[in-house]
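Residue numbers (our numbering): 1291 to 1475. Note that beta-carbon positions come from the ideal geometry of N, C-alpha and C, so glycine has one too. Being a predicted model, the structure only gives us computed values, none of them experimental.
See the structure below:
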């Protein structure tokens, strides 16, 4: 048992040091993603209202008129495309995910500016396994977490170890998620 305890400490320490950055990134972005109903963790959204006198009815020269509108409220170089969702509205898509909606009858419109949240956008992206290399790294991280968990069982002996308080916490760590699944799914 002494050798097992020694190697558990060594593996636990080294795995912990190697994956501390990944653990923090996943933990912080995980909290952000858990609260998507409270805020958008990937983008900040800014709405800006405006009025225009330009005639934005569907016509052959509508793209040029849209570019004139963009000269006033944004930048014509951000134009991607446009369409008419109904007879009264024009929607203009801009680079970066932003968009403009204009009531073509009264000229009232709203610009929705999307800006990537620094660090959150990139770290949240990792949760979606963006490519094969990251999938392999994520799998290695998951295996490391398993080893990290198992080695923690054998690090402490006595009443604070697995046969004492540590065992109670370990059982609770299994029971609480299982109860949640039973009660809420």
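**Message:** Per the DSSP calculation, residue 1372 is bridged to which residue(s)?
**Reply:** Here residue 1372 is taken as the residue at index 82 of the chain shown, counted from 1. Note: residue 1372 sits in a beta bridge opposite 1382.
**Request:** Would you check if there are 3 or more beta carbon pairs closer than 8 Å linking the stretch 1353-1364 to the stretch 1383-1403?
**Result:** Verdict: yes, contact present.
**Request:** Note the first and the last residue of the continuous beta strand (DSSP E) segment covering residue 1321.
**Result:** Counted from its first residue, the chain shown places residue 1321 at position 31. Residue range 1292-1324 is occupied by the alpha helix (DSSP H) that includes residue 1321, with no beta strand (DSSP E) assigned at that position.
**Message:** Tell me which residue opens and which closes the alpha helix (DSSP H) that residue 1418 is part of.
**Reply:** As a working mapping, residue 1418 is identified with position 128 in the chain shown. DSSP places residue 1418 in no alpha helix (DSSP H); its state is neither H nor E.
**Prompt:** For residue 1439, which of helix, strand or coil comes out of DSSP?
**Reply:** Translated into the one-based positions of the chain shown, residue 1439 becomes position 149. DSSP places residue 1439 within a helical segment (H, G or I) once states are collapsed to three.
**Item:** Test item: CB-CB of residue 1337 and residue 1402 under 8 Å
**Value:** On the chain shown, residue 1337 is found 47 positions in, with the first residue counted as 1. On the chain shown, residue 1402 is found 112 positions in, with the first residue counted as 1. Contact: yes.
**Asked** How is the beta strand (DSSP E) around residue 1345 delimited, first residue to last?
**Response** What you label residue 1345 is simply residue 55 of the chain shown in a count that begins at 1. Unbroken run through residue 1345: none, as it is neither H nor E.
**Assigned secondary structure, residue 1428 (DSSP; H/G/I helix, E/B strand, else coil)** = Looking up residue 1428 in the chain shown gives position 138. Of the three classes helix, strand and coil, the one that applies to residue 1428 here is helix, per DSSP.
**Item:** Inter-residue spacing [alpha-carbon to alpha-carbon] between residue 1352 and residue 1328
**Value:** For the purposes of this step, residue 1352 is taken as residue 62 along the chain shown, with counting starting at 1. For the purposes of this step, residue 1328 is taken as residue 38 along the chain shown, with counting starting at 1. About 38 Å.
**Asked** How far does the alpha helix (DSSP H) with residue 1463 in it reach, from first residue to last?
**Response** Taking the first residue of the chain shown as position 1, residue 1463 is located at position 173. From DSSP, the alpha helix (DSSP H) with residue 1463 extends over 1455-1474.
**Asked** Does the distance from the C-beta atom of residue 1305 to that of residue 1437 stay below 8 Å?
**Response** Taking the first residue of the chain shown as position 1, residue 1305 is located at position 15. Taking the first residue of the chain shown as position 1, residue 1437 is located at position 147. Yes, the Cβ-Cβ distance between residue 1305 and residue 1437 is below 8 Å.
**Request:** Grab me the residues of residue 1404's own chain with a C-beta within less than 7 Å of its C-beta, minus the 5 sequence neighbours each way, in chain order.
**Result:** Along the chain shown, one-based indexing puts residue 1404 at 114. Correct list, in chain order: 1333, 1335, 1386, 1387 and 1388.
**Prompt:** Can you name the residues that DSSP bridges to residue 1400?
**Reply:** Position 110 of the chain shown, counted from the first residue, corresponds to residue 1400. According to DSSP, which records beta bridges pairwise, residue 1400 is partnered with 1339 and 1391.
**Asked** Does residue 1384 get closer than 8 Å to chain B when you measure Cβ to Cβ?
**Response** Although the question refers to chain B, the structure presented lacks it and comprises just one protein chain.
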